[in-house]
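So the sequences go chain by chain: X and G.
Using our numbering, you'd call the opening residue of the first sequence number 202 and step up by one each time.
Using our numbering, you'd call the opening residue of the second sequence number 14 and step up by one each time.
Here's the structure, in structure tokens; my notes come after.
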Amino acid sequence: MSGCECKGGFFTLRDCDGAPAGACSECGRTACTRHLSPASGFTQCLDCHARAEQQPREGQNATGEEALDDEWTYGARHRFYTAGYAPLYTGSRHSHYYDGYDTRSFDDEGVPEAETDEGGAGFGDS
Amino acid sequence: MTLLRRPRALYAAFDRFPTRKGASTHIARFAPALFTEYDGGLLYVLGDERLPAHQVEGDVEIVRYSVPVENFLERAVAFGAHLSRLLDEAGDTLEVAHFRDPWSGVPILERERRYATVFEVNALPSVELPYTYPAIAPRTLEKVRASERFCLDAADRVVTPSRTTRDFLVSEGVPAAKVAVVPNGADPVPTRPRPFEAPDAYLIYFGALQPWQGVDTLLRAFARLADLSELRLVVCGSARSRPARAAEKLAEKLGLGERVLWRWELPTTELEPWLANALLSVAPLRATERNVVQGCAPLKVLESLAAGVPVVASDLPPVREIVTDGVEGRLVPPDRPADLARTIRLLLHLPEERERMAEAARARAARDFGWDRSVALLKDVYRALRPSAAASSAPRPTEEEPDVRSAEGPKVAVA
Ligand SMILES: [Zn+2]
Ligand SMILES: [Zn+2]
Ligand SMILES: [Zn+2]
């Protein structure tokens, strides 16, 4: 095992190869000091720590539903509504701006170009 | 806590980065332009199982939202919710936030903030989603549209690559003075040796194959050129997606067989030789609301010009911004395979005409579409947002932006 096995680079990603300072307790990769997460006490690599941070927390569903209610959706719905942006009333304080009816529009229709290409919106310009 | 730095600038895009799509090229040019103006910053994009979810590259920190949420809308909302958490960490040092879509824009604009905001509109989900999700509920689409209107109203500036899109946004009520046109760019493509497996004579289509690209029109046109038995069509698709497979099926149905060569996800270094040695590059965009009303800035057309390859493209307002009929190529009525075939056939018989167009294409790209120029225009937008600049000059539309270089001032206070 030579150097740090974490990836670096902006448009082209390659192995960092920096001087090893430890191994990630999560994925086992050798990592340099730059690629170990200070917030994890340098026990996890940045990648693993950030992924863990993105996971829905206790009491949330897979998409972080409760967090959406409190941190974002309520605020968004509330301001849209009071500022005249809400096209419809969307329910009580804890309902989403987008609800189950809305997400169902995106349940099927296979896998469009936008998704496979971009893993997301794909509203490119080409 | 995720962030290791206190960013002064944020660039947020609900796009996977880096990929081989146009959106990625755009981000790779524009985000660094922002970060050089603010001594670094935070790039927040989508990731996947392979791309690092968190990186620090010099003074740039990259966070990729990497939770595999299958449903598009749930993913978009979860992406925004995580951005909200990052803004909690970064919010009070932030001076400017640049975003590409309402999924990023709503969380950025919804909070009490002291940073300035730039909404980069390449396309609007409310216009494009119905193409990829034909069954989308009207109520849902109306909600998406409302979130876009909110972003357009609340952002300090709007930038767009196309004058067609600017006119569309103005017609939707966005003040003209708020919108700056920052064209896409394409850097000169050097002459390249012909790929060894390349046929002697071929047309090229490259890029994504969304329904509005009109690849079906091109395939039908190509079927009418069957008598040119040596001629091939090379399709370099950015992904072998569902519409791509539909295109392959159509080619089969039209009996095109070996006459069409398919290449998928070529890296730039492999795509460029294919492009540079093509006789013509075809951009058969359909006359859809997406292309005609909303507008677009097809990178494939710009890159063809930069490679000195004459373009045959649909005669639509956003294409006319880039190609003049008879100068760098030919513009043809959209959605008309017979007309497209006739124009291609004519040009194939006129090598000197093609040579002249190739020269004009290179010249046009160098003059009007260098990335340096686009980046300079974008930096002008950022500079005009700085407090001292805002005091002295109101934002002006587009390319006549004054080159205001202001000293550091106090943070922007946004009402
Ligand atoms: Zn790890
Ligand atoms: Zn490293
Ligand atoms: Zn943390």
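For each residue, glycine too, the CB sits at the ideal point set by N, CA and C.
Ligand 1 heavy atom lying under 6 Å from the CB of residue i
| i | result |
| --- | --- |
| X/E227 | yes |
| X/C246 | yes |
Same chain, Cβ closer than 6 Å to residue i, five either side skipped, listed in chain order
| i | result |
| --- | --- |
| X/L214 | K208 |
| G/R18 | E74 |
| G/L66 | It should be pointed out that residue 66 of chain G corresponds to Ala in this sequence rather than to Leu. Excluding sequence neighbours, G/A66 sits near G60, R77 and S79. |
| G/R205 | E285, P286 and A289 |
| G/Q68 | I75 |
| G/F92 | F27, Y78 and W116 |
| G/P331 | S175, T177, G308 and C309 |
Proximity below 7 Å, CB of residue i to CB of residue j
| i | j | result |
| --- | --- | --- |
| G/L232 | G/A264 | yes |
| G/S294 | G/V324 | yes |
| G/G35 | G/L312 | yes |
| G/S327 | G/P347 | yes |
| G/L107 | G/Y128 | yes |
| G/N304 | G/L267 | no |
| G/R170 | G/V394 | yes |
| G/L47 | G/Y78 | no |
| X/T234 | X/P221 | no |
| G/C249 | G/R276 | yes |
| G/M14 | X/A240 | yes |
| G/E278 | X/F211 | no |
| G/R179 | G/V192 | yes |
| G/R42 | G/W384 | yes |
| G/N84 | X/F307 | yes |
| G/L363 | G/A234 | no |
| G/I121 | G/F112 | yes |
| G/A25 | G/S117 | yes |
| G/A214 | G/E243 | yes |
Sequence-distant residues of its chain with Cβ nearer than 8 Å to residue i (five each side left out)
| i | result |
| --- | --- |
| X/D216 | G204, C205, E206, C207, K208 and G209 |
Cross-chain neighbours of residue i in chain G, by beta carbon under 7 Å
| i | result |
| --- | --- |
| X/R235 | V69 |
| X/E206 | Those do not exist, as X/E206 stays about 11 Å from chain G at its closest Cβ, beyond 7 Å. |
Cβ-heavy atom distance, residue i to ligand 2, below 6 Å
| i | result |
| --- | --- |
| G/H67 | no |
| X/R235 | yes |
| G/C309 | no |
| X/G219 | yes |
| X/C249 | no |
| G/C249 | no |
| G/C164 | no |
Cross-chain neighbours of residue i in chain X, by beta carbon under 8 Å
| i | result |
| --- | --- |
| G/S436 | Nothing can be reported for residue 436 of chain G, as the shown portion of chain G is limited to 14 through 428. |
| G/V76 | A251 |
9 Å Cβ cut-off: residues of chain X touching residue i
| i | result |
| --- | --- |
| G/L17 | S238, P239, A240 and L247 |
| G/A41 | F211 and F212 |
Cβ-based neighbour list, residue i, same chain, cut-off 7 Å, excluding 5 preceding and 5 following
| i | result |
| --- | --- |
| G/R343 | V325, T356 and L360 |
| G/E412 | For G/E412, the predicted structure reports a pLDDT of 46, less than 50, and the residue's modelled location is therefore unreliable. A value from the coordinates is still provided. Excluding sequence neighbours, G/E412 sits near V194 and L390. |
| G/V345 | V325, S327, D328, D352, L353 and T356 |
| G/Q223 | Y144 and P256 |
Contact test: residue i Cβ vs ligand 5 heavy atom, cutoff 6 Å
| i | result |
| --- | --- |
| G/R18 | Ligands in the displayed structure: ligand 1, ligand 2 and ligand 3; ligand 5 is not one of them. |
Partners in chain G for residue i, counting only beta-carbon separations shorter than 9 Å
| i | result |
| --- | --- |
| X/S203 | Going along chain G, no residue has its Cβ under 9 Å from X/S203, so there is no contact; the nearest lies around 19 Å. |
Report task. Using a Cβ-Cβ cut-off of less than 9 Å, list which residues of the region 84-106 of chain G approach chain X; keep chain order. Result -> Listed in sequence order: N84, F85, L86, E87, R88, A89, V90, A91, F92, G93, A94, H95, L96, S97, R98 and D101.
Query - Contact residues within the region 236-249 of chain X, judged by C-beta distance below 9 Å to chain C - result: This model lacks chain C altogether, as its protein chains are X and G.
Query raised in the report: Which residues, in chain order, does the region 215-234 of chain X contribute to contact with chain G at a C-beta distance below 9 Å?
Result: Correct list: empty, as no residue qualifies.
Report task. May I ask you to list, following chain order, the residues of the region 142-166 of chain G that have a beta carbon less than 9 Å from some beta carbon of chain X? Result -> Within the region 142-166 of chain G, the residues whose Cβ lies closer than 9 Å to some Cβ of chain X are L142, Y144, T145, Y146, P147, A148, I149, A150, R152, T153, L154, E155, K156, V157, R158, A159, S160, R162, F163 and D166, listed in chain order.
Query - Where the region 363-376 of chain G meets chain X: residues whose CB sits under 7 Å from a CB there - result: Within the region 363-376 of chain G, no residue has its Cβ closer than 7 Å to any Cβ of chain X.
Requested in this report: Name, going along the chain, the residues of the region 174-196 of chain G whose beta-carbon falls closer than 7 Å to a beta-carbon of chain X.
Outcome: Listed by position along the chain: P174.
Query raised in the report: Which of the residues in the region 49-65 of chain G, read from start to end, lie with their CB under 9 Å from any CB of chain X?
Result: Within the region 49-65 of chain G, the residues whose Cβ lies closer than 9 Å to some Cβ of chain X are L56, V58, L59, G60, D61, R63, L64 and P65, listed in chain order.
Query - Interface positions of the region 19-34 of chain G facing chain X (Cβ-Cβ less than 7 Å), listed along the chain - result: Residues passing the 7 Å Cβ filter: F27, D28, R29, P31, T32 and K34.
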